[in-house]
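For any residue, its number in my numbering is found by taking its place in the sequence shown, counting from 1, and adding 204. The C-beta atom is built at its ideal place from N, Cα and C for all residues, glycine as well. The block underneath contains the structure these notes are about, expressed in structure tokens.
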Amino acid sequence: MNPEWHTVVGRIQPGYQIASGKATDSPYPEGSIKMQLPYFQALGLDLTDCFLGTLNVSIHPYRFELVQPTYTFPQVQWNPDSPAEDFSFSPCRISYHNQTYSGWIYYPHPETKPAHFQDPSILEIMAPFIPNINYGATISLDINLREVKLNY
Numbered sequence: 205m206n207p208e209w210h211t212v213v214g215r216i217q218p219g220y221q222i223a224s225g226k227a228t229d230s231p232y233p234e235g236s237i238k239m240q241l242p243y244f245q246a247l248g249l250d251l252t253d254c255f256l257g258t259l260n261v262s263i264h265p266y267r268f269e270l271v272q273p274t275y276t277f278p279q280v281q282w283n284p285d286s287p288a289e290d291f292s293f294s295p296c297r298i299s300y301h302n303q304t305y306s307g308w309i310y311y312p313h314p315e316t317k318p319a320h321f322q323d324p325s326i327l328e329i330m331a332p333f334i335p336n337i338n339y340g341a342t343i344s345l346d347i348n349l350r351e352v353k354l355n356y
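In structure tokens:
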């Protein structure tokens, strides 16, 4: 593996289910991701091969910081009823049950996000559908250390 890449072990955690729209009280019944995808695509990032939701991956005891993500999109006005948000994306690879999937660390910047904040040890991952993955599953996550800083 390229020395810029580092593997961390993560565990799938329940999220708010706003991204997928599965939360019973979701303000976005189709999910926020489905609403955001056309904006990201217009800005140059095609995520149409990704599942319309996120994997919430705990990398505890690590915390992460995006330092030089591949994409940063400032002031995306994806919802006319909310303020614009900033988003960043960094490529990653998820390994689960001897299969590897290419994905993206999805980072709605908390300083522009109206609600549903994440713990700094939780990475939100966008990836293709991964069969049989469930809460509590352990995965390996390859991240690019030029883009993502890990802290204890």
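Approximately 6 Å separates the beta-carbon atoms of ILE263 and LEU327; this is inside 8 Å, confirming the contact. Residue state for SER236 is assigned as helix, using DSSP reduced to three classes. Per DSSP, ILE326 is one residue of the beta strand (DSSP E) stretching across 326-330. Between VAL213 and SER294, the gap from beta carbon to beta carbon reaches 8 Å or more.
Beta-bridge analysis with DSSP links PHE291 to PHE277 and PRO312. With a cut-off of 8 Å on Cβ pairs, the region 270-288 is in contact with the region 242-259, counting three or more such pairs. Nearest C-alpha to SER299 among SER286, PRO207 and ILE216: ILE216.
In the DSSP assignment, THR304 is bridged to SER299.
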